[in-house]
Amino acid sequence: MTQWQMLYECAARADDVLCLIVEDVYPQDSRARITAKGSATEWFHWQSGTARLLPRLVARRTHGPAKPTSPGP
2 MTQWQMLYEC
12 AARADDVLCL
22 IVEDVYPQDS
32 RARITAKGSA
42 TEWFHWQSGT
52 ARLLPRLVAR
62 RTHGPAKPTS
72 PGP
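First residue of the sequence shown? That's 2 in the working numbering, and the numbers climb one at a time after it.
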């Protein structure tokens, strides 16, 4: 759900959102860092819907993929 919301709000490429790692997500700033083609660093920003859902997705993780790796409860 969070990833769909993020795609809608920031118009990022699906591959970029699905490949996010926790270290590159800055929820306090409502943005995430991605490495674009040519090794350029780019940022995408999201709005309140993603900001509300993202803490549940990332939870207490400090590294690794931002997407869930196993089914939730």
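We treat Cβ as the ideally placed atom computed from N, Cα and C, and that holds for glycine.
In this text, all values refer to a predicted model and were calculated from it rather than measured experimentally.
### Message
Here's the rule I'm using: 16 or more other beta-carbon atoms within 10 Å means buried, otherwise exposed. How should Met-21 be labelled?
### Response
As a first step, residue 21 is located in the sequence shown; it is residue number 20 there, counting from the start. One point to set straight first is that residue 21 is Leu, not Met, in the sequence displayed. It is buried - the Cβ of Leu-21 has at least 16 other Cβ atoms within 10 Å.
### Task
Return the first residue and the last residue of the alpha helix (DSSP H) that Arg-53 is part of.
Residue mapping note: residue 53 aligns to position 52 of the sequence shown, counting from 1. 49–59 is the extent of the alpha helix (DSSP H) around Arg-53.
### Task
Pull up the distance between the alpha-carbon of Arg-53 and that of Pro-28, whole angstroms please.
On the sequence shown, residue 53 is found 52 positions in, with the first residue counted as 1. On the sequence shown, residue 28 is found 27 positions in, with the first residue counted as 1. The straight-line gap from Cα to Cα measures roughly 10 Å.
### Query
Is the beta carbon of Trp-44 less than 8 Å from the beta carbon of Ala-60?
Position 43 of the sequence shown, counted from the first residue, corresponds to residue 44. Position 59 of the sequence shown, counted from the first residue, corresponds to residue 60. No. Outside cutoff.
### Task
Specify, as a first and last residue, the run of the beta strand (DSSP E) that Glu-10 falls within.
The residue you call residue 10 lines up with position 9 of the sequence shown. Element bounds for Glu-10: not the beta strand (DSSP E) but the alpha helix (DSSP H), 3–11.
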